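Asker: Take a look at the following structure, please.
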Amino acid sequence: MQEIELKFQIPAEALAALSAELEGWPGHGRERLQAHYFDTPDRRLGQARSALRLRKEGERWVQTLKAVGANTMVRLEDNQPAPAPAEGSAATIDLSLHRGGAAEASLVKALGWQPAADPGGERTRLVELYRTDIWRHSARVRIGQGSEFEGVVELALDQGHILAGELSLPVRELEIELAEGHPMAVILAARDWVARHALWLDTRTKAHRGDRLAREAAGEPPPASRHQPLETANLASTLERLTDRMSLVALGTGDVDGAARSWRQSLNSLASLPLTGTPPATLSAITRLNQALDERSTAAVELARAPATTLLCLDLFAALL
């Protein structure tokens, strides 16, 4: 199946109001999610922009593969019920749960898995690299009722930590995922919540951040970028690069200047694309953001976190639907 989702970071000052709003929706609930993430020592899944986890969701266990999809909003997702690890034993992965269809094909390509000779995937050398411990507060909301873009989205407030060795990274984010209906419902919901709570887009998955944390814990360098070269880019790949760099800038740590330069290059590439049918207001917003980055390079983090910047990205995502 496809996962259609966007994720947003939450300003500390907006957390209480956002949580209270979720509390007001009928059917809202809380659940503890404890996940173990696996990859090979040489990060074959990470290189393929895929993630494989075993997660305890309340009292049940679910094994999930996520892999690259058509664009940043869309990913392959395969969820399978899994047995709980034996008491006192470490969590393990059974690839046979993903036999058949796109999930199997993705694992074969990324890992060189041979399902017939190695049904469970023991020979792929998968090991646990990091884990997450999250409390999720979620509710389902109908969006665009009566319109062509009607859909139901799940709003999920995640708070907790990503853990690798002795290191931990806090998590405080809102995920907006399509449960049913038109994908545009995700964009419509996101526009509303961004405008009211000053959220900013973050396209770095928990797996992406967990891999970097695991590398840091092991004293390894961060992974190299694997984005499509700019000269062969289209709107989907350019937007993927742009939002990735924007997310790194918004983080506000590490090589912010380098990420900001790459972000500006992506904006220039975006401006050079034939964006046929794009509303003039969106084109003007691209120009204004590029000019702002040129004039206020020291304020790149502020610009990356600005609601107007995320709203521009949402308009561009809408063009991909």
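Taken in order, the sequence shown gives residues 0 to 320; the numbers are from numbering that gives the first Met the number 0.
Don't be surprised by glycine CBs; every beta carbon is placed ideally from N, CA and C.
Since the model is a prediction, treat every value here as computed from it, not as a measurement.
Which of helix, strand or coil does DSSP assign to Asn233?
Answerer: coil
Asker: For Gln8, report the span of its beta strand (DSSP E) as first-last.
Answerer: Gln1 to Gln8
Asker: Could you compute how far the alpha carbon of Asp93 sits from the alpha carbon of Glu22?
Answerer: 37 Å
Asker: Give the DSSP-derived three-state secondary structure of Gly87 in the structure shown.
Answerer: Of the three classes helix, strand and coil, the one that applies to Gly87 here is coil, per DSSP.
Asker: Enumerated in chain order, which unbroken segments of the beta strand (DSSP E) with a length of 3 residues or greater are wholly contained in the stretch 280-317?
Answerer: none
Asker: According to DSSP, is Leu154 helix, strand or coil?
Answerer: strand
Asker: Find out if the Cβ-Cβ distance for the pair Thr63, Leu110 is shorter than 9 Å.
Answerer: no
Asker: Could you spell out where the alpha helix (DSSP H) holding Gly45 opens and where it closes?
Answerer: Arg43 to Gln46
Asker: For Gly330, count the other beta carbons within 10 Å of its own beta carbon; 16 or more makes it buried, fewer makes it exposed. Which is it?
Answerer: Residue 330 lies beyond the range of the chain shown here (0 to 320); nothing can be said about it.
Asker: Output the boundary residues of the beta strand (DSSP E) element that contains Ser95.
Answerer: Per DSSP, Ser95 belongs to no beta strand (DSSP E) and is neither H nor E.
Asker: Suppose you measure from the CA of Leu125 to the CA of Asp293; what does that come to, to the nearest Å?
Answerer: 45 Å
Asker: Just to confirm my understanding: we take Asp157, look at its own chain, exclude 5 residues before and 5 after, and list those with CB closer than 6 Å. What are they?
Answerer: Ile133, Arg135, Val170 and Glu172
Asker: Can you give the Cα-Cα distance for Ile285 and Gly120, rounded to whole angstroms?
Answerer: When the Cα atoms are used, Ile285 and Gly120 turn out to be separated by approximately 46 Å.
Asker: Quick test of the definition: if touching needs 3 or more C-beta pairs under 8 Å, does the stretch 49-58 touch the stretch 174-192?
Answerer: no
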